[in-house]
Structures are given as structure tokens and as C-alpha cells.
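Just so we're aligned, residue 17 is where the sequence shown starts under this note's numbering, counting upward by one.
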Amino acid sequence: MQPCAALAGSLGIEKAGDLSPIFPEETCGAIVNRHPRIKEIISGIILLAARGKDTIPLAKVHSILHAMKSHESIFSELRFSLTGAVCYSRDIDQAIKYLTDGGFLKIVGGSAFVGENAHEFGEYLSGFLTNSQIQAVHSVSLRFHDRLRREVMDPCGRS
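See the structure below:
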């Protein structure tokens with residue numbers, strides 16, 4: 017089974033719809049021909065986790081999603097580069113860039129918060145994901161948000 021078919025199968029997606037102009041087709045890198053593309057899934061998770069006036073410290077996003085990858089099948093296509101204790105994903109950086117370029121997120125002082133166009137991204141996702149698939153993205157987003165808050169409030173992992 018091909019990797020993108022595995023992701024689509026894990027989300028229960030038989031055929032994804034057209035790509036949005038928000039996410040133009042790319043010809044280089046690991047993003048090409050993924051339906052739904054991992055950056056769209058990551059974008060949905062990050063945007064749903066950014067609630068109201070809560071901010072997302074961008075320095076934590078890569079490490080938290082890397083830690084969640086082994087437990088969340090939705091991240092099966094997410095790739096990381098590990099250098100010592102630092103993990104990086106181009107897919108995550110591209111998702112954040114698209115969210116900020118589209119006005120869905122704003123970046124201030126190394127933290128992201130909801131932009132004025134955030135509601136439009138939800139409408140975009142609902143155009144090619146079923147309600148159950150959106151629920152899956154939302155559920156992972158809630159777990160990401162909880163983990164993010166725990167790490168920000170207690171970065172040493174004490175309970």
C-alpha cells in the first residue's frame with residue numbers, strides 16, 4: 017500500500033476533492049500528491065488548537081507533534097529531521113506559513129494566535145473532508161492543545 021493511500025485509509029477517505037487555491041500545488045519537497053495533504057491536516061490541527069486569545073508558542077509545535085506521531089495514525093505521513101534534541105518538520109513549517117499567509121493565524125513574538133480569517137479555513141476543510149474526518153482532526157487538535165498547555169505550564173514534565 018502506498019503511503020498516501022495508507023493515510024487516506026486511516027482517515028476513511030476514498031477520494032479527496034479539489035485542492036484549494038489557499039494551498040497551491042507544489043512541485044518540490046514531500047508535499048506533492050497527498051490527498052488530503054498532511055499540511056492541510058496539520059493546519060487544521062494547529063488552527064483548531066489556537067483558541068480565542070490563547071496563543072501557541074511556535075517553539076513547541078514541532079516537538080509536541082513529533083511526540084504525538086507514534087500515537088496518532090493521522091500523522092503517519094508527517095516527516096521529521098532530528099538533529100540532537102531538536103526535531104524539525106518542513107510540513108509543519110509550510111502549514112504554519114500557509115495559515116499566516118492566508119490570514120488564519122497571526123505570529124507575534126514567536127507565538128501564533130487566531131487571525132481574522134480563521135472561520136474560512138473550517139469552511140475549506142468541510143469542502144473535502146467528511147464530518148467524521150473533521151471530527152478526527154478536531155480530536156487530535158484537542159489532544160495537541162492539552163499537551164501544549166501542559167508543556168507550557170510545566171516544561172519539566174512535573175505533575
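Heads up, the beta-carbon is just placed ideally off N, CA and C, and yes, glycines get one too. These numbers come from a predicted model, not from an experiment.
With a 10 Å radius around the Cβ and a threshold of 16 neighbouring Cβ atoms, Leu145 comes out buried. Under the 8 Å Cβ criterion, the segment 74–92 counts as touching the segment 116–128, having at least three qualifying pairs. For Val156, the closest C-alpha among the options Asp109, Thr99, Ile90, Ser79 is that of Ile90. By a beta-carbon distance limit of 8 Å, Met84 contacts Arg159. Their separation comes to about 7 Å. Counted as a single uninterrupted DSSP element, the alpha helix (DSSP H) harbouring Ser59 occupies residues 54–65. A straight line joining the alpha-carbon of Asp117 with that of Ile123 spans about 10 Å. For Phe120, same chain residues with a beta-carbon under 6 Å away, outside a window of 5 residues either side, are Leu63, Gly131, Asn133, Ala134, Phe137 in chain order. Distance from the CA atom of Tyr104 to the CA atom of Ala111, rounded to whole angstroms, is 13 Å. Every beta strand (DSSP E) of 3 residues or more that sits fully in the segment 102–157 is shown, in chain order, as 102–104, 121–124, 127–130. Taking the C-beta atoms as reference points, Lys55 is found nearer than 9 Å to Tyr114.
Counting every other CB atom within 10 Å of its CB across the protein chains shown gives His161 a total of 16 or more, marking it as buried.
Leu98 has Cys103 as its beta-bridge partners, per DSSP.
Beyond the five residues adjoining it in sequence on each side, His82 comes within less than 6 Å, by CB distance, of Phe96, Cys103 in the same chain, given in chain order.
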